[in-house]
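Number of protein chains: 2
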Amino acid sequence: MRDAFHDDLDAIGQMLVDMGEMVRRSMERATNALLNADLALAEQVISEDMQIDNVQHELDANTLNLLARQQPVAGDLRTLVTSLRMSADLERMGDLTNHIAKVARMRFPAKAVPFELEDTVREMGTVAERIIAKVTHVIMSHDLDAAIQLEKDDDEMDKLHRKLFMALLDDSWSHGIETAIDITLLGRYYERCADHAVSVARRIYFLVTGEYSTDLA
Amino acid sequence: MRDAFHDDLDAIGQMLVDMGEMVRRSMERATNALLNADLALAEQVISEDMQIDNVQHELDANTLNLLARQQPVAGDLRTLVTSLRMSADLERMGDLTNHIAKVARMRFPAKAVPFELEDTVREMGTVAERIIAKVTHVIMSHDLDAAIQLEKDDDEMDKLHRKLFMALLDDSWSHGIETAIDITLLGRYYERCADHAVSVARRIYFLVTGEYSTDLA
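Just so you know, the protein sequences line up as chains A and B, in that order. Per the working numbering, the first sequence runs over residues 141 to 357. Per the working numbering, the second sequence runs over residues 141 to 357.
Rendered as structure tokens:
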């Protein structure tokens, strides 16, 4: 039987899952806004970032409230502290999708991403979305196999990131410095977003097992 | 009269101050390594990043331990949770100084920063150091005026960051794409480091006053 405290803990878990789903959708839209120079969609991502921040504030307030009222020990205490950290990671991931949308807005009506890099950036967006969906699943299910798999998805992101740099450094690069700056920053936003997701997966792994995963090291 | 619990709280505060000082020194060395193409110094920054991580792990373990053993309420609970967040900010600031050192190492024996941008980068390093020293002082003293001043220092950092971009985008830029990528990323590392310091100042402000500073908003 569940008591009220564990219902409250579950509610916090559900808010983390909600945040994950909001970030995934924001990533999807930001990438579409970027690749299609879709100003309205970019503005939507930017204005909806506040919603992610609001969920974080509510989640953190509920968590602090539970810490204060229930004075949990051991596993429950660790769950609550980990929740605070995961919400910070997810909030930051939302910021990064927001940064991607801002690049789209800044270059509108032009496209920020040159034609020959569109596929690579689209793939980075797809990998980022997959990683975010997976980490949301991990938060919900504590599925450790999926947590470990995240590392492989992150390797894929790193590969795409390197591919982006190789294109910038190729002698045939003809898009000038401004575009090179945009691509450098965009690459970093996608990569950092994946890094934060891996960090969430590590926190869950540690929460469940009490050990650091060597695969997630 | 102080009880053992408050001595433990003070010890955690002292560890945060120690982390701040480690990060400031690391920033100083990373900037010097970068501007002088000093490989030994860059390696030192990179290897010492682990020390900052270790202090964070110890600090977080002590904080969790206090949370579990003492079951603090209200102000003390808020202090402990804020400590966890500040240690995460400081750890990330250490990562960023590490990234700066890695750019220095990657370009060695060449200098990563072109001659005409050395002054701007040096100034970014100086402002970053000042911000880190100030935030360390704020952690120690809860000096709210200093916390608010941090926002001005951060404005200065933003100005320098823009100056860096203007130089990259100037028609006279003659250093090619690779250097433009390095400068773009370096600018971001300095700026993010300052952002995290402002975030620590905001946490202290909120901890002391229970309100969000409009100046630090």
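Backbone N, C-alpha and C fix where the C-beta goes; we use that ideal spot for every residue, glycine too.
Cβ-based neighbour list, residue i, same chain, cut-off 7 Å, excluding 5 preceding and 5 following
i: residue 172 (chain A); result: 178 and 181
i: residue 227 (chain A); result: 156, 159, 196, 199 and 200
i: residue 286 (chain A); result: 274, 277 and 278
Same chain, Cβ closer than 8 Å to residue i, neighbours up to 5 away in sequence not counted
i: residue 202 (chain B); result: 148, 151, 152 and 155
i: residue 296 (chain A); result: 267
i: residue 327 (chain A); result: 264, 301, 304 and 305
i: residue 313 (chain B); result: 307 and 320
Contact under 8 Å by Cβ, residue i with residue j
i: residue 267 (chain A); j: residue 308 (chain A); result: no
i: residue 322 (chain A); j: residue 261 (chain A); result: no
i: residue 220 (chain B); j: residue 212 (chain B); result: yes
i: residue 325 (chain A); j: residue 222 (chain B); result: no
i: residue 231 (chain B); j: residue 272 (chain B); result: no
i: residue 239 (chain B); j: residue 345 (chain B); result: no
i: residue 217 (chain A); j: residue 241 (chain B); result: no
i: residue 336 (chain A); j: residue 259 (chain A); result: no
i: residue 245 (chain B); j: residue 183 (chain B); result: yes
i: residue 187 (chain A); j: residue 288 (chain A); result: no
Proximal residues to residue i (C-beta, below 6 Å), its chain only, five neighbours per side dropped
i: residue 169 (chain B); result: 181 and 185
i: residue 145 (chain A); result: 210
i: residue 333 (chain B); result: 233, 236 and 268
i: residue 340 (chain A); result: 226, 229 and 275
i: residue 162 (chain A); result: 192
i: residue 176 (chain B); result: none
i: residue 251 (chain A); result: 177
With 16 other Cβ atoms within 10 Å as the buried cut-off, status of residue i
i: residue 214 (chain B); result: exposed
i: residue 249 (chain B); result: exposed
i: residue 167 (chain A); result: buried
i: residue 164 (chain A); result: buried
i: residue 311 (chain A); result: exposed
i: residue 306 (chain A); result: exposed
i: residue 342 (chain B); result: buried
i: residue 190 (chain A); result: exposed
i: residue 143 (chain B); result: exposed
i: residue 294 (chain B); result: buried
i: residue 205 (chain A); result: exposed
Beta carbon proximity, residue i to chain C, threshold 8 Å
i: residue 274 (chain B); result: In the displayed structure, chain C is absent; the protein chains listed are A and B.
Exercise. Looking at C-beta atoms only, is the number of pairs between the stretch 272–288 of chain A and the stretch 313–321 of chain A that lie closer than 8 Å three or more?
Worked result: no
Exercise. Okay, do the stretch 254–268 of chain A and the stretch 340–350 of chain A touch, 3+ Cβ pairs below 8 Å being the bar?
Worked result: no
Exercise. Would you call the stretch 242–257 of chain A and the stretch 197–211 of chain A in contact, with 3 or more CB pairs under 8 Å?
Worked result: no
Problem set entry | Within 7 Å of chain A by C-beta, residues of the stretch 180–211 of chain B in sequence order | 204, 207, 208 and 211
Exercise. Going along the stretch 210–228 of chain A in order, which residues come within less than 8 Å of chain B, judged by CB to CB distance?
Worked result: For the stretch 210–228 of chain A, the set of positions with a beta-carbon nearer than 8 Å to some beta-carbon of chain B reads 211, 213, 214, 217, 218, 221, 224, 225 and 228 in chain order.
Exercise. If you measure beta-carbon to beta-carbon, which residues of the stretch 307–325 of chain B are closer than 8 Å to chain A?
Worked result: 308, 309, 313, 317, 318, 320, 321, 324 and 325
For this session: Identify each residue in the stretch 237–248 of chain B for which the Cβ-Cβ distance to at least one residue of chain A is less than 9 Å, and report them in chain order.
Result: none
For this session: Give the residues from the stretch 322–349 of chain A that approach chain B closer than 8 Å (Cβ to any Cβ), ordered along the chain.
Result: Within the stretch 322–349 of chain A, the qualifying residues are 324, 325 and 328.
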